[in-house]
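Student: Below is a structure I'd like to ask you about.
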Amino acid sequence: MIGAVLLLACAQAVHAAERREQTYQVGADVDATGHVIATQIEPDVPPSIAGVLTSALRQWQFVSARRNGQAVSAHTFISARLLALPNASGQYSLHVIYAGNGPKFHRAGWKARYPRDAVQRRQAAFVFIDATVQPDGRLADITVDSQFAEWPVARSFRDAALKAARSWHFTPEQVDGQPVATQVRVPMNFTLRDQILTPEQIRILREAASREAAVANAEADQLGIPLPSEQEIALDSPLQPHAVATIISAP
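Under mature numbering (1 follows the signal peptide of the UniProt record, and there is no 0), the residues of the sequence shown are numbered -16 to -1, 1 to 235, in order.
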């Protein structure tokens, strides 16, 4: 649905004054100078959106990957946030915003099974999984911890997240044509419609939401958007962003 809205925004004026956004993960070949020279976009992305993404990514630059002290080509997967913002004339301008890069996470069936005891107690949890994406795409060194230091995570949530992570698969990044290991962090939220939260947990969530909103508002003025709450983060990608300013396409 969002893709259709963004596609419409590319083509013509729209009447609903609402922002629309979606994040796309795009394969990118980066040469030894750090420039994006080719992109691979999923076939189900509308051609007009694919064109906007390709044009934007080719304007971005990364710190060159290195092997044995020499700058070399590399391959990564860039998360690009496409934001459609309404203007006074009722049309949309499109903003392509860098949201990170790293290995490609194949998310089909990635969520953990909710622990039965937590369902009975109507408990919620917010965790993150740290792991190393190996060159074959499997994970190693998997650990689970709470997103909030003041909110201990029950063992059943840790076990559920760990079990899910053991089945995950990534497409690794490449340096000089060879797959490499990358450390990643994947946030995961366990929530129920009828969950019971303590006053302390409500305080923690409200303060976190306020901080995120403050950052979002500050970055919105500079056309930057924080990462989605459950988007993976590469902690040590061989390609680090150098010049990834937001690209704006006016109607």
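C-beta: ideal position from N, C-alpha, C; glycine also. Computed from a predicted model, the values in this text were never measured in an experiment.
#1: Are there 16 or more other CB atoms within 10 angstroms of the CB of Asn85, so buried, or fewer, so exposed?
#2: Mapping DSSP to helix, strand and coil, what is residue 238?
#3: Between the segment 178 to 185 and the segment 58 to 77, can you find at least three pairs of beta-carbon atoms closer than 8 Å?
#4: Helix or strand or just coil, what does DSSP make of Lys95?
#5: Mapping DSSP to helix, strand and coil, what is Val80?
#6: Using beta-carbon positions only, say whether residue 238 and Thr7 come within less than 8 Å of one another.
#7: Start and end of the beta strand (DSSP E) containing Asp125?
#8: If you draw a straight line from the alpha carbon of Arg139 to that of Asp101, how long is it in whole angstroms?
#9: Thinking C-alpha only, which one of Glu216, Asp220, Glu2 and Lys147 is nearest Ala72?
#10: Expressed to the nearest angstrom, what Euclidean distance is found between the alpha-carbon atoms of Ile33 and Ser233?
#11: So if DSSP puts Ser63 in a beta bridge, which residue, or which two residues, is it bridged to?
#12: Roughly how many whole angstroms lie between the Cα atoms of Asp220 and Ser48?
#13: Which residues share a DSSP beta bridge with His90?
#14: Are the segment 51 to 61 and the segment 10 to 26 touching by the rule of at least three beta carbon pairs closer than 8 Å?
#15: What are the boundary residues of the beta strand (DSSP E) that includes Gln167?
#16: Does Pro163 come out as helix, strand or coil in the three-state DSSP assignment?
#17: What does His19 pair with, by DSSP beta-bridge criteria?
#18: Could you check where the alpha helix (DSSP H) with Gln104 kicks off and where it finishes?
#19: From what residue to what residue does the alpha helix (DSSP H) around Asp143 run?
#20: Do you know how far the Cα of Leu176 is from the Cα of Arg105?
#21: Going by DSSP in three states, Pro225 sits in which element: helix, strand or coil?
#22: May I have the straight-line CA-CA distance separating His172 from Ile25, to the nearest angstrom?
#23: Across which residues does DSSP place Gln158 in a beta bridge pair?
Tutor: Let me spell this out:
#1: Start at 1 with the first residue of the sequence shown, and residue 85 comes out as number 101. Flag for Asn85 reads buried.
#2: The question about residue 238 has no answer here: the residues shown for the chain are numbered -16 through 235.
#3: no
#4: Here residue 95 refers to the residue found at position 111 of the sequence shown. DSSP, reduced to helix, strand and coil, places Lys95 outside both helices and strands of the structure shown, so it counts as coil.
#5: The residue given as residue 80 occupies position 96 in the sequence shown. Strand.
#6: Outside the displayed span of the chain (-16 to 235) sits residue 238, for which this structure offers no information.
#7: For this step, residue 125 is matched to residue 141 along the sequence shown. Segment Leu123 to Ser130, the beta strand (DSSP E) holding Asp125.
#8: Your numbering for residue 139 matches position 155 in the sequence shown. Your numbering for residue 101 matches position 117 in the sequence shown. Taking the straight line from one Cα to the other gives about 11 Å.
#9: Residue numbering aside, residue 72 sits at position 88 when the sequence shown is read from its first letter. Out of Glu216, Asp220, Glu2 and Lys147, Glu2 has the C-alpha closest to the C-alpha of Ala72.
#10: For this step, residue 33 is matched to residue 49 along the sequence shown. For this step, residue 233 is matched to residue 249 along the sequence shown. Each residue's alpha carbon lies about 11 Å from the other.
#11: On the sequence shown, residue 63 is found 79 positions in, with the first residue counted as 1. The partner list for Ser63 (beta bridge, DSSP) reads Gln9.
#12: Translated into positions along the sequence shown, residue 220 becomes position 236. Translated into positions along the sequence shown, residue 48 becomes position 64. Each residue's Cα considered, the two are about 14 Å apart.
#13: For the purposes of this step, residue 90 is taken as the residue at position 106 of the sequence shown. None; His90 has no bridge partner.
#14: yes
#15: For the purposes of this step, residue 167 is taken as residue 183 along the sequence shown, with counting starting at 1. Taken as a continuous stretch (DSSP letters only), the beta strand (DSSP E) holding Gln167 covers Thr166 to Phe174.
#16: Within the sequence shown, the letter at position 179 stands for residue 163. Pro163 falls in the strand class under three-state DSSP.
#17: In the sequence shown, residue 19 corresponds to position 35, counting from 1. Under DSSP, His19 takes part in a beta bridge, and its partners are Gln45.
#18: As a position in the sequence shown, residue 104 is number 120, starting the count at 1. That run of the alpha helix (DSSP H) goes Arg100 to Arg105.
#19: Here the question's residue 143 lines up with position 159 in the sequence shown. Taken as a continuous stretch (DSSP letters only), the alpha helix (DSSP H) holding Asp143 covers Arg139 to Ala149.
#20: Start at 1 with the first residue of the sequence shown, and residue 105 comes out as number 121. Start at 1 with the first residue of the sequence shown, and residue 176 comes out as number 192. Taking C-alpha positions only, Arg105 is separated from Leu176 by approximately 11 Å.
#21: Counted from its first residue, the sequence shown places residue 225 at position 241. Of the three classes helix, strand and coil, the one that applies to Pro225 here is strand, per DSSP.
#22: Locating residue 172 in the sequence shown gives position 188, counting from the first residue. Locating residue 25 in the sequence shown gives position 41, counting from the first residue. This sequence places Met at residue 172; His is not what is there. In this structure, the CA atom of Met172 is about 26 Å from the CA atom of Ile25.
#23: For this step, residue 158 is matched to residue 174 along the sequence shown. According to DSSP, Gln158 bridges with His59 and Pro163.
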